[in-house]
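Protein chains in written order, with full-length UniProt numbering: chain L, 1 to 192; chain C, 1 to 269. All residues carry an ideal CB built from backbone N, CA and C; glycine is no exception. Source: prediction; values computed, not measured. Before any comments, here is the structure.
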């Protein structure tokens with residue numbers, strides 16, 4: 001039960017994009033069409049999950065015993081960046097079709113704040129391994145949900161008659177604000 | 001002190017471990033690429049100008065090696081030598097390519113241009129031309145902030161003292177990158193060695209054009225009548241010279257003296 005609430009809270013209540021406002025650059029950059037946003041959502045979810053597993057191991061077996069927790073951010077940046085490189089190589093070799101579809105998104109998120117935030121929050125709340133994995137999967141899916149919602153809205157918006165000064169990013173920001181406003185309706189439903 | 005040392009050790013250890021893993025993975029997961037791609041890529045001029053229609057030189061090399069339908073003569077800056085080499089390496093036949101050069105078709109210098117307003121924004125032609133078509137009175141002319149100069153991958157363009165871009169004929173490879181970035185489309189790619197050209201881009205009617213600039217083409221058509229070879233045509237109040245006809249037939253251009261504003265220039269020197 002605990003895991004279910006954690007999962008739901010990560011997906012909806014504490015949605016990274018719409019309530020914590022992290023990862024906004026890719027949220028606006030890659031939400032112009034639906035297929036690209038699905039790719040991005042999947043890439044973020046997988047990278048988040050795998051890198052937070054790795055980060056959990058390094059944090060609990062290296063940083064905590066050595067009393068170096070103040071170096072967490074720097075170490076995690078290093079970890080995630082090199083891990084994404086590795087992942088890119090493996091996918092390029094093992095699954096070229098997947099690489100052609102989603103490969104470019106991988107490097108885009110190598111240094112993204114939303115990917116860094118999950119391992120950091122895991123470390124901060126001293127989650128167990130399983131809990132941090134659940135939290136990472138939930139956060140990733142939450143991001144995917146937000147970006148897919150946004151892309152569907154923006155696809156519809158292309159047909160709308162937007163005032164000239166607001167065209168493009170202007171109306172996208174307004175839309176994101178409304179979406180975030182809707183998501184605040186969930187706040188307080190689950191407190192961790 | 002001890003902590004600092006520990007930090008250094010831990011960070012270097014993690015860095016080293018990941019470096020080794022990445023180095024190992026690079027070997028283990030390396031992908032066999034056709035070595036010909038890199039040989040072709042080395043031949044290309046590396047301007048990354050994109051005039052071949054691909055994202056860069058490597059992308060074109062990949063396409064020309066792997067796709068039998070891509071012709072070897074798409075690299076315009078490389079001209080014939082590169083096309084021949086690429087054709088030889090890929091075993092394709094290269095059709096002829098016309099050597100081209102960039103020609104700036106505006107002589108409306110900043111000193112005698114009529115100004116609409118004082119522009120104080122970003123020093124960029126595209127930005128400036130967003131505001132009422134640029135600060136100069138003539139909305140077809142050179143904006144003069146040198147976006148083309150910055151875009152040239154071969155360093156063939158410089159900004160003249162009169163704020164009109166100059167093309168170095170020796171360095172210009174004819175890639176056409178400047179022509180695509182120019183918001184006014186005053187840069188045209190033309191055949192090398194054309195004797196005369198109308199260096200004006202104004203499509204305003206004669207009366208209006210005259211007010212805005214003293215060296216513009218009025219579209220009067222006197223040059224059309226004087227030309228013995230029908231090399232000049234007037235369309236939308238602007239005379240355009242067909243450089244091919246000039247180059248092949250004309251040795252004594254009569255159009256130069258006929259132009260009332262001097263918008264036709266002798267390029268022979």
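Chain A contact for residue i (CB, 9 Å cutoff)
i, result
"residue 74 of chain L", "Given the protein chain composition of this structure (L and C), no chain A is represented."
Cβ of residue i within 9 Å of any chain L Cβ
i, result
"residue 129 of chain C", "no"
"residue 26 of chain C", "yes"
"residue 37 of chain C", "no"
"residue 30 of chain C", "yes"
"residue 221 of chain C", "no"
"residue 22 of chain C", "yes"
"residue 19 of chain C", "yes"
Rounded C-alpha distance that separates residue i from residue j
i, j, result
"residue 220 of chain C", "residue 204 of chain C", "12 Å"
"residue 89 of chain L", "residue 157 of chain C", "40 Å"
"residue 6 of chain L", "residue 106 of chain L", "26 Å"
"residue 195 of chain C", "residue 248 of chain C", "10 Å"
"residue 22 of chain L", "residue 86 of chain L", "24 Å"
"residue 133 of chain L", "residue 142 of chain L", "14 Å"
"residue 124 of chain C", "residue 73 of chain C", "33 Å"
"residue 266 of chain C", "residue 191 of chain C", "15 Å"
"residue 197 of chain C", "residue 243 of chain C", "8 Å"
"residue 64 of chain C", "residue 12 of chain C", "44 Å"
"residue 13 of chain L", "residue 138 of chain C", "58 Å"
"residue 139 of chain L", "residue 38 of chain L", "15 Å"
"residue 86 of chain C", "residue 98 of chain C", "17 Å"
"residue 92 of chain C", "residue 45 of chain C", "19 Å"
"residue 180 of chain L", "residue 49 of chain C", "42 Å"
"residue 107 of chain C", "residue 161 of chain C", "12 Å"
"residue 174 of chain L", "residue 159 of chain L", "17 Å"
"residue 36 of chain L", "residue 37 of chain C", "29 Å"
"residue 215 of chain C", "residue 236 of chain C", "17 Å"
"residue 25 of chain C", "residue 64 of chain L", "29 Å"
"residue 193 of chain L", "residue 129 of chain L", "Residue 193 of chain L falls outside the range modelled here, since chain L spans only 1 to 192, and no answer is possible."
"residue 141 of chain C", "residue 9 of chain L", "59 Å"
"residue 147 of chain C", "residue 181 of chain C", "7 Å"
"residue 172 of chain C", "residue 193 of chain C", "13 Å"
"residue 100 of chain L", "residue 92 of chain L", "8 Å"
"residue 50 of chain L", "residue 72 of chain L", "17 Å"
"residue 129 of chain C", "residue 143 of chain C", "7 Å"
Residue-level contact to chain C via CB, residue i, 9 Å cutoff
i, result
"residue 106 of chain L", "no"
"residue 62 of chain L", "yes"
"residue 66 of chain L", "yes"
"residue 47 of chain L", "no"
"residue 79 of chain L", "yes"
"residue 24 of chain L", "no"
"residue 51 of chain L", "no"
"residue 115 of chain L", "no"
"residue 57 of chain L", "no"
"residue 83 of chain L", "yes"
"residue 178 of chain L", "no"
"residue 71 of chain L", "yes"
For residue i, the nearest candidate out of the options (CA to CA)
i, options, result
"residue 4 of chain C", "L:167, L:141 and L:67", "L:67"
"residue 47 of chain L", "L:117, L:30 and L:9", "L:117"
"residue 280 of chain C", "C:114, C:177, C:99 and C:135", "Look at the range of chain C in this structure, 1 to 269, and you will see that residue 280 of chain C is not part of it."
"residue 272 of chain C", "C:225, C:252, C:245 and C:218", "Look at the range of chain C in this structure, 1 to 269, and you will see that residue 272 of chain C is not part of it."
"residue 275 of chain C", "C:197, C:52, C:78 and C:235", "In the structure as shown, chain C starts at 1 and stops at 269, and residue 275 of chain C therefore has no counterpart that could be examined."
"residue 261 of chain C", "C:63, C:250 and C:213", "C:213"
"residue 32 of chain L", "L:168, L:180, L:187 and L:174", "L:168"
"residue 113 of chain L", "L:145, L:125, L:100 and L:77", "L:77"
"residue 69 of chain L", "L:82, L:81, L:188 and L:55", "L:55"
"residue 245 of chain C", "C:236, C:227 and C:109", "C:227"
"residue 184 of chain L", "L:35, L:4 and L:20", "L:20"
"residue 234 of chain C", "C:202, C:215 and C:24", "C:202"
"residue 55 of chain C", "C:75, C:224 and C:167", "C:75"
"residue 58 of chain L", "L:122, L:172, L:104 and L:190", "L:122"
"residue 83 of chain C", "C:60, C:105, C:101 and C:14", "C:60"
"residue 110 of chain C", "C:103, C:102, C:154 and C:159", "C:159"
"residue 16 of chain C", "L:82, L:34 and L:40", "L:82"
"residue 127 of chain C", "C:113, C:229, C:145 and C:35", "C:145"
"residue 163 of chain C", "C:149, C:31, C:14 and C:7", "C:149"
### Query
Of all the alpha helix (DSSP H) runs that stay within the bounds of the stretch 76-108 of chain L, which reach a length of 4 or more residues?
96-108
### Query
At a Cβ cut of 8 Å, what residues of the stretch 3-17 of chain C count as close to chain L, listed as they run along the chain?
Contact annotation: in the stretch 3-17 of chain C, residues whose CB is within less than 8 Å of a CB in chain L are 3, 6, 7, 10, 11, 14 and 15.
#### Entry: Residues, ordered as in the chain, of the stretch 87-101 of chain L that lie near chain C by beta-carbon distance below 7 Å
89, 90, 92 and 93
#### Entry: Uninterrupted beta strand (DSSP E) stretches inside the stretch 14-52 of chain C (no shorter than 3 residues)
Taking only runs of at least 3 residues, no beta strand (DSSP E) segment lies wholly in the stretch 14-52 of chain C.
### Query
Using Cβ-Cβ distances below 7 Å, what residues of the stretch 29-43 of chain L are close to chain C?
Hits within the stretch: zero.
### In chain order, each alpha helix (DSSP H) run of at least 4 residues that lies wholly inside the stretch 188-255 of chain C
206-212, 222-226 and 243-249
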